[in-house]
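Residue numbers (the working numbering): 65 to 571.
Ideal Cβ placement from N, Cα and C applies to all residues, glycine included.
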């Protein structure tokens, strides 16, 4: 999709569809819209006075025109002015793009939001993200596609003045990068597990590394055995598919700060011998969403050439049942040397992550360590489907993650890591148990991971179990037009990008 930034009065922009945003409580207070209304002999005022345009959020009205540049005006309600946010821009852009696709036209135009004190840097990114995320569709395996639709080929962003053009152009490119990476992550998550194996994921990571000129190393079972990664390999030993650990490096500022990101990549999770019910197993091809978000994040960071260093590690395996599979009551020896009593084979993600985190710290010594995973169903109980859980002992890290979440719409909320929770993981026969009982499940999972973080190393755990996938039943109340109604959401990619970006000034 081509993005053009133009500086013209709205009525002079040649386009199939011009998006006109209006607020519920301030319907016609925009000078650019007033000028457009004059060229249309007051038709916009008539629509407002008749109640056809009310400005309610998600409401839209079409007006076909004659004698001006835009052939159609698409009025999009923004709701009340006090509720305005960057995420509203994404939502409006997503809804507009879906309408444009439905009527089979190839281009649209949308003004910037300078009159609302939205910077060009923020505006271009939000508009393009909303459009590309909103138009996502996964129909790769449909033998009969839906009726052909013309692709949206061009989006014109109408700048309020010449001074905004460069910033809008650059931010639109960033939005394109981030949305494309998030849609790539959605594709990875949506692939069924008979195609998205650890081997296939590693191949795709190698393709990304080649495209972005990244260093990459892929460790197999033998290399992991030499490293003593008994926790990771314990999970993997029941699967015919060989495990992989992908290590990617982006060097954007030699000698500067390094952020380490570790992603859980269980490409199918049966639960092991603590077997999931069939209904709970159905979407477990998406249990690698943390690894997918990690790959998408480093892809976007490299594409945007951020002046910072990032190491990404993705631990990839299946959690299967077989005569070789690990069992409840087994004791595993992790790469760190700590022994783990397995009380539940369905708490496998933390067993994969802990060895990947140890490897990251031993060989790459990051200044900040982050892990991201679809780790616990308890996160869904605690925070639902719209917010990811964050656990960290570092206040600065959380503030950066929170700000990145508010900026991107991939919101996060902090849960505590008080020392008292560690008592739930005490084992009589090993150094630690892999589960801490039913209470505080998200917290005790993070407490387990904390045991494998070097003392005084800043660290954050992100649990995206509730936000990584969408289902139609959930979409009924999570009414977000730039999220798909079914399948992977791409959550984590844009969040991690902006979290990492927040460290650039101190890199």
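So, using beta-carbon positions, are residue i and residue j closer together than 8 Å?
{"i": "residue 160", "j": "residue 174", "result": "yes"}
{"i": "residue 326", "j": "residue 417", "result": "yes"}
{"i": "residue 477", "j": "residue 451", "result": "yes"}
{"i": "residue 182", "j": "residue 69", "result": "no"}
{"i": "residue 524", "j": "residue 399", "result": "no"}
{"i": "residue 115", "j": "residue 141", "result": "no"}
{"i": "residue 448", "j": "residue 253", "result": "no"}
{"i": "residue 217", "j": "residue 65", "result": "yes"}
{"i": "residue 247", "j": "residue 197", "result": "yes"}
{"i": "residue 280", "j": "residue 373", "result": "no"}
{"i": "residue 529", "j": "residue 443", "result": "yes"}
{"i": "residue 258", "j": "residue 333", "result": "no"}
{"i": "residue 573", "j": "residue 331", "result": "This structure does not reach residue 573, given that the chain is present from 65 up to 571, and the question cannot be answered."}
{"i": "residue 359", "j": "residue 269", "result": "yes"}
{"i": "residue 340", "j": "residue 437", "result": "no"}
{"i": "residue 187", "j": "residue 222", "result": "no"}
{"i": "residue 302", "j": "residue 335", "result": "no"}
{"i": "residue 390", "j": "residue 406", "result": "yes"}
{"i": "residue 370", "j": "residue 117", "result": "no"}
{"i": "residue 54", "j": "residue 127", "result": "The requested residue 54 does not occur in the structure, where the chain is confined to residues 65 to 571."}
{"i": "residue 548", "j": "residue 534", "result": "yes"}
{"i": "residue 402", "j": "residue 496", "result": "yes"}
{"i": "residue 307", "j": "residue 285", "result": "yes"}
{"i": "residue 554", "j": "residue 249", "result": "yes"}
{"i": "residue 395", "j": "residue 494", "result": "yes"}
{"i": "residue 409", "j": "residue 338", "result": "yes"}
{"i": "residue 513", "j": "residue 435", "result": "yes"}
{"i": "residue 178", "j": "residue 224", "result": "yes"}
{"i": "residue 185", "j": "residue 245", "result": "no"}
Tell me the DSSP bridge mates of residue i?
{"i": "residue 79", "result": "134"}
{"i": "residue 552", "result": "533"}
{"i": "residue 397", "result": "403"}
{"i": "residue 506", "result": "Note: residue 506 sits in no beta bridge, so no partner."}
{"i": "residue 196", "result": "Its beta-bridge partners do not exist; DSSP assigns none."}
{"i": "residue 456", "result": "524"}
{"i": "residue 383", "result": "333"}
{"i": "residue 139", "result": "84 and 125"}
{"i": "residue 378", "result": "310 and 327"}
{"i": "residue 247", "result": "None; residue 247 has no bridge partner."}
{"i": "residue 408", "result": "Partner(s): none; residue 408 has no beta bridge."}
{"i": "residue 373", "result": "315 and 322"}
State the start and end residues of the unbroken alpha helix (DSSP H) segment that holds residue i.
{"i": "residue 94", "result": "Premise fails: residue 94 is in no alpha helix (DSSP H) and is neither H nor E."}
{"i": "residue 426", "result": "413-428"}
{"i": "residue 173", "result": "No alpha helix (DSSP H) holds residue 173; the beta strand (DSSP E) holding it covers 171-175."}
{"i": "residue 113", "result": "107-114"}
{"i": "residue 489", "result": "No alpha helix (DSSP H) contains residue 489, which DSSP labels as neither H nor E."}
{"i": "residue 267", "result": "262-276"}
Just to confirm the assignment, what range does the beta strand (DSSP E) spanning residue i have?
{"i": "residue 280", "result": "279-283"}
{"i": "residue 154", "result": "Careful: residue 154 lies outside any beta strand (DSSP E), inside the alpha helix (DSSP H) at 150-166."}
{"i": "residue 314", "result": "308-315"}
{"i": "residue 562", "result": "Here residue 562 belongs to no beta strand (DSSP E); instead the alpha helix (DSSP H) covers 557-565."}
{"i": "residue 127", "result": "124-128"}
{"i": "residue 68", "result": "66-70"}
{"i": "residue 451", "result": "Run containing residue 451: none; DSSP gives neither H nor E here."}
{"i": "residue 437", "result": "432-437"}
{"i": "residue 218", "result": "218-222"}
{"i": "residue 478", "result": "476-478"}
Around the Cβ of residue i, are there at least 16 other Cβ atoms within 10 angstroms (buried) or fewer (exposed)?
{"i": "residue 556", "result": "buried"}
{"i": "residue 573", "result": "A query on residue 573 cannot be resolved here, the shown segment of the chain reaching from 65 to 571 and no further."}
{"i": "residue 487", "result": "exposed"}
{"i": "residue 134", "result": "buried"}
{"i": "residue 77", "result": "buried"}
{"i": "residue 365", "result": "buried"}
{"i": "residue 527", "result": "buried"}
{"i": "residue 283", "result": "buried"}
{"i": "residue 387", "result": "exposed"}
{"i": "residue 319", "result": "exposed"}
{"i": "residue 354", "result": "buried"}
{"i": "residue 205", "result": "exposed"}
Can you give the beta carbon distance from residue i to residue j, rounded, assuming they're within the 8 Å contact cut?
{"i": "residue 262", "j": "residue 380", "result": "4 Å"}
{"i": "residue 84", "j": "residue 136", "result": "Going by Cβ atoms, the distance from residue 84 to residue 136 rounds to 10 Å, so no, they are not a contact pair."}
{"i": "residue 430", "j": "residue 568", "result": "Actually they do not touch by this definition, with Cβ atoms about 15 Å apart."}
{"i": "residue 439", "j": "residue 361", "result": "So it is not a contact: roughly 17 Å between Cβ atoms."}
{"i": "residue 433", "j": "residue 517", "result": "6 Å"}
{"i": "residue 139", "j": "residue 163", "result": "No, residue 139 and residue 163 are not in contact; Cβ-Cβ is about 11 Å, not under 8 Å."}
Compute the minimum distance between the beta carbon of residue i and the heavy atoms of the ligand MG, and state whether it is under 7 Å.
{"i": "residue 219", "result": "Among the components of this structure there are no ligands whatsoever, and the ligand MG is therefore not found."}
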